[in-house]
Amino acid sequence: MITAHGHCGAVEVSLPRRPRSITHCNCSICRRYGVLWAYYKEEAVTVTAAPKATQSYIWGRRLQRFVRCKTCGCVVHWQRLESVPNGRMGVNARLFDPEQLGPVTIRQFDGAAWAID
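Position one of the sequence shown corresponds to residue 4 (this note's numbering), numbered consecutively onward.
This is the structure in structure tokens:
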């Protein structure tokens, strides 16, 4: 089990294992957030926070929500708005201490050129 948290510690994420790879996406939102995503099945991720400690941002086609800490502003994760069997979510790998991640492959994803029809 590994854990991560935002700058202030108000939100914590627990994962069953280190990510096998992380993704650097250059889409309009990921580029601005400066995140690196580690992907896990939703049921494998535990997010612990006090009530009302997080805020969500939903935009565009309203397929997913981005969640951040209300206190320090760190982006914690994204998740789908509609649950799907074996659905995955993205956890911001920048919240983990580098020692916890260890050597990990960073995949480049051209989200700026990706279109959903």
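Positions of the beta carbon are idealized from the N, C-alpha and C atoms, including for glycine.
Go ahead and pull the three-state DSSP assignment for Cys33.
-> helix
State whether the stretch 83-90 contacts the stretch 23-41, with contact taken as three or more CB pairs (one from each stretch) at a distance under 8 Å.
-> no
Cβ-based neighbour list, Lys73, same chain, cut-off 8 Å, excluding 5 preceding and 5 following | Ala13, Lys55, Ala56, Thr57, Gln58
May I have the straight-line CA-CA distance separating Leu98 from Ala116, to the nearest angstrom?
-> 27 Å
Looking only at its own chain, which residues have a Cβ that is under 7 Å from the Cβ of His10, when we skip the five neighbours before and after it?
-> Cys75, Cys77
With DSSP collapsed to three states, give me the class of Arg110.
-> strand
Would you mind giving the Cβ-Cβ distance between Ala96 and Trp40, rounded to the nearest angstrom? I have them listed as a contact below 8 Å.
-> 7 Å
Return the Cβ separation of Ile5 and Arg21 in integer angstroms, given the expectation that the two are a contact with Cβ distance under 8 Å.
-> 6 Å
Return the CA-CA distance between Val79 and Pro106, expressed in angstroms with no decimal places.
-> 21 Å
Between the CA atoms of Trp81 and Asn128 - distance to the nearest angstrom | In this structure the chain extends from 4 to 120, so residue 128 is not present and cannot be described.
Express the C-alpha separation of Glu102 and Tyr43 in angstroms, rounding to a whole number.
-> 20 Å
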